[in-house]
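Q: Sharing a structure here in structure tokens format.
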Amino acid sequence: MFERLFPRRKAKAPPLPQPNAQLALGALLVRVAFADRQYRASEVGQIDRILAATFGLKPLEAAKLRATCEALERDAPGTPEFARILRDEVPYTDRRALAQAMWSVALADGERDADEEVMLENIEEALGLSADDIADARKTALNDD
């Protein structure tokens, strides 16, 4: 009875942090994984491993970062804005490595998906990678598969 008289209000979610290179990378990795409308445990694990290795995080820290990136990916700017942050803050050679990491997320579930590949191509172009580097990243990823 009291619930009807005094309904509980949902607590407001804390505001999302301003994207930086770390959050932008995580959000783009999540975006690649979601591109096929399936978010599998293998993709989540791969994202966590990439975040841990890239930023020197412990597994729990990487998982927390990924959770923040998931929220950011849902509610924040589009791919071009995230890519701009990475273009501004990450050297070109490291952006090429990021493309490889994104491919590893897309292929983590053991399946190739056209939507994921289109998303990857859009991100790679937005990162300012050359056509040759995009082709190399794709070729390397598919040969490792």
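Numbering (our numbering), first residue to last: 788 to 932. We put the CB at the ideal spot given by N, CA and C, even for glycine. Because the structure is a prediction, the values reported are computed rather than measured.
Taking C-alpha atoms, which residue in Ala901, Arg899, Leu885 lies nearest to Ile834?
A: Looking at the Cα atoms, Leu885 is the closest of the given residues.
Q: Mind checking whether Met906 and Arg827 have CB atoms under 9 Å apart?
A: no
Q: Just curious, the alpha helix (DSSP H) that Arg824 is in, first and last residue?
A: Neither: Arg824 is in no alpha helix (DSSP H) and is coded neither H nor E.
Q: Where does Pro806 land, buried or exposed, given buried means 16+ other C-beta within 10 angstroms?
A: Buried.
Q: Exposed or buried, what is Asp823 when buried is set at 16 or more other beta-carbons lying within 10 Å of its beta-carbon?
A: buried
Q: Ends of the alpha helix (DSSP H) at Ala863?
A: Neither: Ala863 is in no alpha helix (DSSP H) and is coded neither H nor E.
Q: Pop quiz: Ala840 and Pro846 are said to be a contact at Cβ under 8 Å. What is the actual Cβ separation, rounded to whole angstroms?
A: Rounded, the Cβ-Cβ distance is 11 Å, inconsistent with contact.
Q: Does the Cβ of Leu929 have 16 or more other Cβ atoms within 10 Å, making it buried, or fewer, making it exposed?
A: exposed
Q: Could you check where the alpha helix (DSSP H) with Val892 kicks off and where it finishes?
A: Val892: member of the alpha helix (DSSP H) spanning 879–893, first to last residue.
Q: Would Phe869 and Leu815 be called neighbours here (beta carbons separated by less than 9 Å)?
A: It is a contact, given that the beta carbons lie within the stated cut-off.
Q: Just confirm the distance between the C-beta atoms of Ala808 and Glu912, as a whole number of angstroms; I'd bet it's less than 8 Å.
A: Their Cβ separation, rounded to whole angstroms, is 18 Å, which puts Ala808 and Glu912 out of contact at 8 Å.
Q: Whose C-alpha, out of Gly897, Pro867, Thr927, Ala924, is nearest the C-alpha of Gln825?
A: Gly897
Q: Decide if Gly813 is buried, meaning its Cβ has at least 16 other Cβ atoms within 10 Å, or exposed.
A: Buried: at least 16 other Cβ atoms inside 10 Å.
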